[in-house]
Amino acid sequence: MPVLAAVSQSFNPILPSAGEIIWSVLSFAVLLVVLVKVAFPPVAAMMSKRSERIREDLEAAEQARREAAELLAQREEELAGARVEAQRIIDDARVLAEQLKSEIVGRGHQEVEAYKAQNEAHLAAERNRVVLELRAEVAGLAIELASRILSQEIEQSEVDPLVEAFLAEADAGSR
Amino acid sequence: MIVGGISFPPIAEVLNWKPIAFGGTSYAFNKIGLLTFLATAITLGLFMIAGRRARLVPRGVQNLVESSVDFITNTIVLDVIGQAGLAWVPWLTGLFFFILFNNLFEVIPFIQMPATARTSVTIPLALIVYVTFIAVGVKTQGARKYFRSALVPEGVPVALLLLLVPIELLSTFIVRPFALAVRLFGNMLAGHLLLVTFAVISEALFVKSIALVILPLPAAMLVALTGYEIFVAALQAFIFTILTAVYIGEALGGGH
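So the protein lines, in turn, are chains Z and P.
Mapped onto our numbering, the consecutive letters of the first sequence carry residue numbers 1 to 175.
Mapped onto our numbering, the consecutive letters of the second sequence carry residue numbers 1001 to 1256.
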């Protein structure tokens, strides 16, 4: 290298010079002191603040995700519970309706039966009463007829219209 | 110096900067001193802006600074030292940015000089790291235990220790600072000289109209090397910082 060969007699490029050493050490010392004491801390603080913020945000996001999942599970559980409850209410109502229906139908049957029996009893009593009345009427008429027959000795031919009239009278009386 | 009709500047012209202030004293302030202060100012400026306009969602400078801190925290500190090294993040961040900007000055127009191409910058940095990791080791483990763990590998036959202890002494306490300083200095100086060389060739060819036909080659090389030097600037800053983290991690009790 031609340049390297051209070393000046008075200047050795490898040897340090006192002035340069003093100023470079001084500037490096100034850099270290000011950087460590003044300039670096705010940057480091900002970086750690950011890390902290990111960590907090991640934790918050994780927490929110966990809460959302819990809430979802809770809602699903509640929904399932509500479905079961609704089904139970429907089933209960159906059973109750069946019970009510059979009860009402049973009661209706009973009432019909009771009404029928009552009607029948009433009819029987009426018939008995009519029979009794008829019997008394017929007895009266028979007595009256007998007395009429006994009071007037009449021909058979006369009796017949008499009987007829009596019967017609009795018939009319029984109505 | 003239090679093939092209005048190359002597290396003193490329590296030896005249004093801007305090000329003639032992604390002469020249371009290198100015650049190191510029690196400090840029780094602090970026952090001040990032810290002052800190938003929850980072943008612009804040994004750049926070990405860098994140990178240093995860890729360098946590991977190399572990949780115990988190207290060293600001320190290592400062070291990384200081070296990075001093390297990047190599490709900044009108500056075009990496301050780290001077041993005046890399040797003090390496010595600061050297003193720091030894101090950390002594403070954390106690002097006896620290030097014992650093020099005497466990589970090695005593006979071998005669060989290993000098090697460990050499590698840990002598070669380390030297390697740190020379690696950074060598890489940046070589890159700087390469860029200067191709810039001089391009300029010379541009001036000599007859050579214009081959101009694209050195010019293209200059562009390609500039890109490559940006990569080297970041890589060397990363290597210096990660090695510092390794040494501090060992001193904190990581052991071999």
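Heads up, the beta-carbon is just placed ideally off N, CA and C, and yes, glycines get one too.
Contact check, residue i vs residue j, beta carbons under 8 Å
i                 : j                 : result
Val1080 (chain P) : Gly1253 (chain P) : no
Ser1026 (chain P) : Ala39 (chain Z)   : no
Leu1044 (chain P) : Leu31 (chain Z)   : yes
Val1057 (chain P) : Ile1049 (chain P) : no
Glu1168 (chain P) : Pro1153 (chain P) : yes
Gly1085 (chain P) : Ala1245 (chain P) : yes
Ile1123 (chain P) : Pro41 (chain Z)   : no
Ala1181 (chain P) : Thr1119 (chain P) : yes
Ala1021 (chain P) : Phe11 (chain Z)   : no
Thr1093 (chain P) : Ile1072 (chain P) : yes
Leu141 (chain Z)  : Ala170 (chain Z)  : yes
Asn1016 (chain P) : Glu20 (chain Z)   : no
Leu1046 (chain P) : Val1065 (chain P) : yes
Tyr1228 (chain P) : Val1129 (chain P) : no
Other residues of its chain near residue i: CB distance less than 7 Å, five sequence neighbours each side excluded
i                 : result
Val1121 (chain P) : Ile1032, Thr1036, Asn1102, Ala1115
Leu1194 (chain P) : Leu1225
Thr1075 (chain P) : none
Lys1018 (chain P) : Asn1030
Val1165 (chain P) : Leu1151, Val1152
Thr1140 (chain P) : Ala1251, Leu1252, Gly1253
Phe1198 (chain P) : Pro1218, Met1221, Leu1222, Leu1225
Ala1126 (chain P) : Pro1177, Leu1180, Ala1181
Inter-residue spacing [alpha-carbon to alpha-carbon] between residue i and residue j
i                 : j                 : result
Gln74 (chain Z)   : Arg53 (chain Z)   : 31 Å
Thr1241 (chain P) : Ser1149 (chain P) : 23 Å
Val1136 (chain P) : Leu1161 (chain P) : 25 Å
Ser1007 (chain P) : Arg50 (chain Z)   : 57 Å
Val1223 (chain P) : Ala1159 (chain P) : 56 Å
Glu113 (chain Z)  : Arg83 (chain Z)   : 44 Å
Pro161 (chain Z)  : Arg129 (chain Z)  : 30 Å
Arg65 (chain Z)   : Leu71 (chain Z)   : 10 Å
Val163 (chain Z)  : Arg127 (chain Z)  : 26 Å
Glu59 (chain Z)   : Ala45 (chain Z)   : 20 Å
Ala125 (chain Z)  : Leu100 (chain Z)  : 37 Å
Gln1083 (chain P) : Glu76 (chain Z)   : 47 Å
Ala86 (chain Z)   : Arg1059 (chain P) : 60 Å
Ile89 (chain Z)   : Arg107 (chain Z)  : 26 Å
Trp23 (chain Z)   : Gly1024 (chain P) : 15 Å
Phe1147 (chain P) : Leu1163 (chain P) : 16 Å
Ile143 (chain Z)  : Arg135 (chain Z)  : 12 Å
Phe1097 (chain P) : Ala61 (chain Z)   : 38 Å
Glu78 (chain Z)   : Arg55 (chain Z)   : 34 Å
Counted within 10 angstroms of its Cβ, other Cβ atoms place residue i as buried (16 or more) or exposed
i                 : result
Tyr115 (chain Z)  : exposed
Pro1009 (chain P) : exposed
Ala1233 (chain P) : buried
Ala165 (chain Z)  : exposed
Ser1171 (chain P) : exposed
Glu1178 (chain P) : A quick correction: the sequence has Phe, not Glu, at residue 1178 (chain P). So Phe1178 (chain P) counts as exposed.
His109 (chain Z)  : exposed
Leu145 (chain Z)  : buried
Val176 (chain Z)  : Nothing about residue 176 (chain Z) can be reported from this structure: the residues present for chain Z run from 1 to 175 only.
Ile14 (chain Z)   : exposed
Ala80 (chain Z)   : exposed
Ala97 (chain Z)   : exposed
Leu1243 (chain P) : buried
His122 (chain Z)  : exposed
Val105 (chain Z)  : exposed
Val1089 (chain P) : buried
Ala1028 (chain P) : buried
Selection from the options that minimises the alpha carbon distance to residue i
i                 : options                                    : result
Ser48 (chain Z)   : P:Ile1049, P:Ala1054, P:Met1048, P:Leu1046 : P:Ala1054
Arg1052 (chain P) : Z:Leu58, Z:Ala29, Z:Val43, Z:Arg50         : Z:Val43
Val1200 (chain P) : P:Met1221, P:Leu1180, P:Ala1181            : P:Met1221
Met1113 (chain P) : P:Leu1243, P:Glu1066, P:Thr1226            : P:Thr1226
Ile1264 (chain P) : P:Ala1190, P:Thr1119, P:Ile1134            : What the structure shows of chain P is the stretch from 1001 to 1256, and residue 1264 (chain P) is not part of that stretch, so it cannot be assessed.
Val1014 (chain P) : P:Ile1020, P:Val1089, P:Glu1106, P:Phe1147 : P:Glu1106
Trp1091 (chain P) : Z:Glu103, Z:Val163, Z:Leu141, Z:Val34      : Z:Val34
Val1138 (chain P) : P:Val1089, P:Ala1251, P:Leu1127            : P:Ala1251
Leu1217 (chain P) : P:Ser1067, P:Phe1231, P:Ser1202, P:Glu1229 : P:Ser1202
Ile1230 (chain P) : P:Gly1023, P:Ile1108, P:Ala1204            : P:Ile1108
Leu167 (chain Z)  : Z:Ser147, Z:Val138, Z:Ser151               : Z:Val138
Leu1034 (chain P) : Z:Phe28, Z:Arg88, Z:Val36                  : Z:Phe28
Ala1087 (chain P) : Z:Ile143, Z:Trp23, Z:Asn119, Z:Lys37       : Z:Lys37
Close beta carbons around residue i, own chain, < 8 Å, minus the five adjacent residues each side
i                 : result
Gln1236 (chain P) : Ile1099, Asn1103, Thr1116, Arg1183, Leu1184, Asn1187, Met1188
Chain-order list of residues whose beta-carbon lies under 6 Å from that of residue i (same chain, five-residue window excluded)
i                 : result
Arg1176 (chain P) : none
Ile1111 (chain P) : Phe1105
Val25 (chain Z)   : none
Ala1204 (chain P) : Ile1006
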